Each structure stands twice: as structure tokens, then as C-alpha cells.
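Here is the structure we will look at.
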Amino acid sequence: MTEHTPVLTTDGKQGPALRLLGIRKGFADVVAVDGLDLEVARGECFGLLGPNGAGKTTTIEICEGLTTPDAGSVELLGKNWATEADDLRHRIGIQLQETQFPAKLSVEETLRLFRSFYRHGLPLEESIRMAQLDEKRKSRVGGLSGGQKQRLAMACALVGDPELLFLDEPTTGLDPQARRHLWDLVDELKRAGRTIILTTHYMDEAERLCDRVAIMDHGKIIALGTPQQLIASVGGEHVVEFAVTTKQGGSGREHHPVDITPLLALAGIQSHRVDAGSHQLSVDELHTTVPRIFATLNEQGLHLSEFRTHSATLEDVFVGLTGRTLRDE
Amino acid sequence: MSKFSEGSLFQLTLSRFRLFLREPEAIFWTFGFPILLAIGLGIAFRNRPADVLQVGATTAQLTQALDADKGLTSSTMDLDAGTRALATGRILLLAIQTPSGVDYKFDITNPDARTARLLADRAIQTAAGQKDAVQVRNDLVHETGARYIDFVVPGLLGMNLMGSAMWGLGFSIVEARQKKLLKRMVASPMPRWQYLFSFLLARLVMLVMEVVVFLGFARLVFGVPFRGSLLELGFLCILTSLAFSTLGLLVASRASTIEAVSGLMNLVMLPMWILSGIFFSATRFPVVIQPFVRALPLTASIDALRGNMLQGIGLGQMASQVGILLAWLIVSFTVSLRIFRWR
Chain A
0 MTEHTPVLTT DGKQGPALRL LGIRKGFADV VAVDGLDLEV ARGECFGLLG PNGAGKTTTI
60 EICEGLTTPD AGSVELLGKN WATEADDLRH RIGIQLQETQ FPAKLSVEET LRLFRSFYRH
120 GLPLEESIRM AQLDEKRKSR VGGLSGGQKQ RLAMACALVG DPELLFLDEP TTGLDPQARR
180 HLWDLVDELK RAGRTIILTT HYMDEAERLC DRVAIMDHGK IIALGTPQQL IASVGGEHVV
240 EFAVTTKQGG SGREHHPVDI TPLLALAGIQ SHRVDAGSHQ LSVDELHTTV PRIFATLNEQ
300 GLHLSEFRTH SATLEDVFVG LTGRTLRDE
Chain B
0 MSKFSEGSLF QLTLSRFRLF LREPEAIFWT FGFPILLAIG LGIAFRNRPA DVLQVGATTA
60 QLTQALDADK GLTSSTMDLD AGTRALATGR ILLLAIQTPS GVDYKFDITN PDARTARLLA
120 DRAIQTAAGQ KDAVQVRNDL VHETGARYID FVVPGLLGMN LMGSAMWGLG FSIVEARQKK
180 LLKRMVASPM PRWQYLFSFL LARLVMLVME VVVFLGFARL VFGVPFRGSL LELGFLCILT
240 SLAFSTLGLL VASRASTIEA VSGLMNLVML PMWILSGIFF SATRFPVVIQ PFVRALPLTA
300 SIDALRGNML QGIGLGQMAS QVGILLAWLI VSFTVSLRIF RWR
């Protein structure tokens, strides 16, 4: 792609793929995007992350030139929507949420139709191969599975051989296998050097695919960085989760008062919170800290009914930043 | 593949065409329905041959005299049997031989019986040697173009052009909007005018098939006349179809659900189904509402189609109808382009 051959041209082949400055957009009674600044470098795979209603789709549709912001400026590939819309449309690829392609056209017919809109683009065969739809090329769109439909939407976004690709919740509603399938496709696009901007509310997806992510909540970016940076920022690489009962019988996840002061005093414990009766601790080193946790709980006469650990994820970052889980929405 | 067939306008039109052909219901409503309607009306309003009237007579000699008239068939029966046959309606008239002459027994309130009386009397008088005082000759009128089926075929053609154009555009556009396909299309570099124009192009191709199938059927089965120029008839069909296509575009320009657009379509088409003279002449409506009736595009279209097919009138004498259709076309198109919602 162009960014690997740094040649100065007037066509704006240098500089960021996307630059947003002070973007604001309100609908009837809600502010969907509330003063957003963002820069995405060429060749980067960038993720907009957040719960439903965080303003991700509005933001990406503003970038795509489908929604006009109330305030702020949008620059794509050094160009703007007001004066160079036609050129931009030829250079970007878009996959929208919930597009239903005509059920009675075949995969091949749909792709040929979309290919006809672009001056330059991929050969039909190439886009079918990339989306792994070879076996389905003659099938009607109405008969495709959810994952296949989504790959067709990707193929339609790719037919114009775009420099910049927008994917809005590409794996929402797909089963785990179809999701992995789509991730492989995104990997291939990344390797080819395309700039990709995607939205998702799956933290694992962002961690798996994105070079950098912005976490959005209530129309604002509340954290920005590589997944590793963000995870490190909440403190503690691991999360310990446990629930307790008293030693005198009783079972299940009853709520028992745990004196957390001695826990927080332990070396290596960064933070503590309770979610649905389950205690969560951010921990630097499992092998030194876990025995101390056991000892402390034992001293309080508490019995562990559940205990598990996992590496900190973006989910933990979101919880740490907002005090809510993504599922709360 | 050639450059042209890879072009977006060609591909858009081709897709429209494919989607239409893969929808069996649409094919029925476009091609099958008007033909079925024409068959039904043709049967109901066919011109029957003049009926042969059943009569009876008491002697074989009278029966022979009566049978000589092509409008009558007679059978010989005695007075009792004849009276019973008369009472049950098997015969309309009984001719009874009396010593002084012939008595006719019939029901004078029944028009067919009165006709039978006139025919029977003439047959019997002729058999007895009566001569016509004045020479007469029958010139039977049986002209095509004056029948009900001739009147109704242009009406059905206009109605069908309206229905297929409006549904064809309105439904597809709103469906694409509802399924977010419209939004996806404008997110690509596709020129927007081509998307709308492809509907009109596909409509014109289908129009040719639609009109040829329907009028061909009317010609072959009912012998409906084409007195005007076929070229001008083709022009009128295209103009009608385009006027209603743009009206369909207008109706579909903002609706976001199929339910909403269906309601609007019916609201727009219902007055025309009633007022525009599909099945009977629009001149039957009161003078007060005539300006409104005349301004409806379907009235203009059907008037022009009847003028061409039945009277052989040229386009030059249809300036007002053509003008009305053109006005609808231009106004609908301009307004819908201004208010069209692409998402």
C-alpha cells in the first residue's frame, strides 16, 4: 500500500489516514458524540470500543461521510467530505451494521454490481476468494448463513480495493466459529497494509485485532492506547475473582462481609471491587500474592466457595474506568 | 465482458430486472392479472347471437309455417300439453288452430313472448300467401370497436401501466431503504441518479413485454381494433408508464416501511380506480368534479389510449392529455428528487 512508499505528493499520501477534531453530534434529545479528537495512522488497525449507545456508530458514520457532524472537522486521507466526497468514496471501503443485500441476487451478482461502482478495484475472483465465498458464489444471498452474509458485506467493502476500510460491528451476532473466520480475514487485510477502523463491543475482538483502541462511553473517548498499554494502565496484569461463605456450613454465593482493609494492605494488590457478590482484585504477581490472599481470608474465618484468576483484559479496563461492565447496558 | 456491461448503470438495471423476474407474484400481477380480468369481462359482456324462441302449435301445418322463420323453433302439441308447456315456460307462445283462423296464447308482459307473437304472426301470414307491401332489406350492425370489450381494454391497459409502474418503483425503493441497502449504496461511489434511473430503464424493458402480451391477447382473442398509429400507441404507453413511475418515486421518497408506502400507494391510486373511467366513461361523473377527474393522470392516459385505439385519433389532437401526463411526470420527478431520503 501507499504508506510503505513514502513519496511526497499533492494527493495527500502522507499524514494520518483519519483526523477528527472536536466532533460533536446530537440527536433530538441525546448527545451521541461529545467533542471527539482522534488521529489514526496509515496502515493501522484501530478499534472503537464501547457498550451499545456509546456513540461508536455515529462516530464511524461521521467518518464515512454518511452523517454530518454538528461541529468539528473530519479529514480522511488528507481530504474532506465537503469538497472531495466523490474521490473519497472511491478510496474507502465501508461495511455498515444491518445491511441486508437483496435476497434474490446471487453472491456473484451482488459483488459484480458493487464492483461496477468503482473506477479501480479488485477482480471479482479476488474479492470472492478473500471472503472465502468460492463455494457460495452462485448461491442466492437469502440462503447464506449469518457469517457468510457478513463476509459478503466485507467483500462488497473490498471490491474497490480501498486504502481505508471501515467495519461497523463486523462480528456482532455471529457464532464463535464465524467470528474467528472473520478475524482471519481482517488479519489478512492488515498484513496487506490497509488501514482499518472498526467498532466493536467485544473486548476480546479488539484485543485480538487492533493495534490501538479508543474506549468510548457516553460520546467521549475515555481511554486511548494499545491494548497492552490500556491493560497496564488499570494496574495489575492479573485479576483474582473470589466469593466466600463462613466456615460454619452454608453454601452458595451468599453475601458475607469481608474486611477488605487487610487485603488492600497486601503487597501487589492494586485495587478491589465487588460485582454481584464476587470480589475482584487486580494483582501484579499471582504466585506471591495468591498465598497471602488465602491466608488473610482464613484469618477472617471465611471459606472460599469460588476462586479463579485470569489475565487482565480490556473488559477489566472498561470496568476499572467506568465502574460498569459492558453487559450492564 | 465488454466495458458497457461492467458499467454501473447497466449493472443496476440488470439487477432490477433480475429481482423482478425472480419474484413470481410480481410476474402474475403484471402479466397474468390483466389477462384474467379481460377474459372475465369478455365473457360477461360478450355479444350473444340473437336467441331462437321456443313456440308450440296444435297442428303440424302450423309448426311447419313457424319453423320457416329462423327466429323460431316450433313443436306440435295438443291444447292441454301446450297450456302446460306455456305455464312452465318451456314455450313462449302457443298457436292454436281454430275453425275461423289462429289464436295466439302468450304472456303480453314478457318481452320475449311479444317478440315471439310478432315473428309467429308474420310466419303464419307469409305461409298463407301475404306479400310485403314495402320492399325492405336488413343491414345488420356487427362492428368491432363498438363493443364493451373494445371500450374496456384500453382502460385495463392504463390501469395496469399505473399499477406496475407505481408498485414496481415504490415497493422496491422502500424495501431497499428499510433493509439499509439504500444507505449502503450511497456509501459507495455509485452516482445517485443512476440508481433512480435504473428503475425507469428496467420499467421500459418490462413495459414492452407487458404491453405486447396484453394487447396481443386482446387482439387475438377479442379482435380489439388498433385504429391509430402503433408508434403513437407505444409513445402513449411509455409516457403513461414514466408518469406513474415518477409518481411512485414521489410516494416512496420518504416512507421508511412497506406498510407506510402501501397505504400511501392505495391512497393515491384509489381515486383513479374509481374516477378515471377504467370500466365506464369518466364523463358520467357530475360536471362539478369534471376538472378534477380530467386532471388525474390515469384519466388523461385512458382517454388518449381510447382515442388512439378506438377512434384512430393522432397525437396532435391529444395535446391536453399528453400535456397532463407530462406535467405529472415533471412535477413528481422534481419534487421527489428534492425530498428523497437516501437512508
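Protein chains in written order, with numbering that gives the first Met the number 0: chain A, 0 to 328; chain B, 0 to 342. Using N, Cα and C, we set each Cβ at its ideal position, and we do this for glycine too. Computed from a predicted model, the values in this text were never measured in an experiment.
When Cβ-Cβ separations below 8 Å define contact, A/Pro169 makes no contact with chain B. Look at B/Pro290: its C-beta is not under 8 Å from any C-beta on chain A. Contact between the segment 80 to 87 of chain A and the segment 166 to 179 of chain B is absent: fewer than three C-beta pairs spanning the two stretches fall below 8 Å. Linking A/Gln279 to A/Ala53 through their CA atoms gives a straight-line distance of about 25 Å. Interface residue (Cβ-Cβ distance to chain A less than 8 Å): B/Gly6 is classified as such. With fewer than 16 neighbouring CB atoms inside 10 Å of its own CB, A/Glu97 falls in the exposed class. Secondary structure at A/Tyr117: coil, using DSSP grouped into helix, strand and coil. Measuring C-alpha to C-alpha distances from A/Val238 to each of A/Asp69, A/Gly192, A/Thr288, A/Leu208 identifies A/Thr288 as the nearest. B/Thr108 has its alpha-carbon roughly 24 Å from the corresponding atom of B/Leu61. In this structure, the beta-carbon distance from A/Val273 to A/Gln299 does not fall below 8 Å. By the beta-carbon neighbour count (other beta carbons within 10 angstroms, threshold 16), B/Ile38 is exposed. Legend: CB atoms of the segment 177 to 191 of chain B lying less than 9 Å from CB atoms of chain A belong to residues Gln177, Lys178, Lys179, Leu180, Lys182, Arg183, Met184, Val185, Ala186, Ser187, Pro188, Met189, Pro190.
Its chain contains Arg114, Val158, Gly159, Asp160 as the residues whose beta carbon lies nearer than 6 Å to that of A/Gly120, once the 5 sequence neighbours on both sides are disregarded; these appear in chain order. By the Cβ neighbour-count rule, B/Ser300 is buried, with 16 or more other Cβ atoms within 10 Å of its own. Within the segment 210 to 289 of chain A, the runs of beta strand (DSSP E) that reach at least 3 residues and sit entirely inside it are, in chain order, 211 to 216, 219 to 224, 237 to 245, 268 to 274, 277 to 282. Taking 8 Å as the CB threshold, A/Phe100 lines the interface with chain B. In the DSSP assignment, the residues bridged to A/Glu38 are A/Arg18.
The secondary-structure analysis by DSSP pairs A/Ile91 across a beta bridge with A/Leu163. Secondary structure note for A/Glu124: its alpha helix (DSSP H) is the uninterrupted segment 123 to 129. Put simply, the segment 189 to 200 of chain A does not touch the segment 224 to 240 of chain A. Fewer than three CB pairs are less than 8 Å apart. In chain A, no part has a C-beta under 7 Å from the C-beta of B/Ser197; the shortest such distance is about 10 Å.
The three-state reading of DSSP puts A/Lys103 in coil, since its state is none of H, G, I, E or B. Of all alpha-carbon atoms in B/Trp341, B/Thr125, B/Asp138, B/Gln129, the one lying nearest the alpha-carbon of B/Lys179 is that of B/Trp341.
Close to A/Arg111, with beta-carbon spacing below 7 Å, are these residues of chain B in chain order: Gln10. The Cβ of A/Asp85 sits closer than 8 Å to at least one Cβ of chain B. Residue A/Cys155 holds the alpha-carbon nearest to the alpha-carbon of A/Leu166 among A/Asp174, A/Glu236, A/Cys155, A/Pro175. At a C-beta separation below 8 Å, B/Leu18 has these neighbours in chain A: Pro101, Lys103, Leu104.
The Cβ-Cβ distance between A/Leu75 and A/Ala213 does not fall below 8 Å.
Of the residues B/Leu304, B/Thr333, B/Gly100, B/Gly311, the one whose Cα lies closest to the Cα of B/Gln320 is B/Leu304. Annotation note: the segment 183 to 268 of chain B contains the following uninterrupted alpha helix (DSSP H) runs of length 4 or greater, listed N- to C-terminal: 191 to 221, 229 to 250.
Excluding sequence positions up to five before and after B/Leu11, its CB lies within less than 7 Å of the CB of Gln193, Tyr194, Ser197, all in the same chain and listed in chain order.
Secondary-structure assignment with DSSP links A/Phe26 through a beta bridge to A/Val29. A check of alpha carbon separations from A/His89 across A/Arg323, A/Leu164, A/Arg136, A/Leu263 identifies A/Leu164 as the nearest. The continuous beta strand (DSSP E) containing B/Gly55 extends over residues 52 to 56. The criterion of a C-beta distance shorter than 8 Å is satisfied by B/Val292 and B/Leu274.
In the structure shown, A/His309 falls within a strand segment according to DSSP collapsed to helix, strand and coil.
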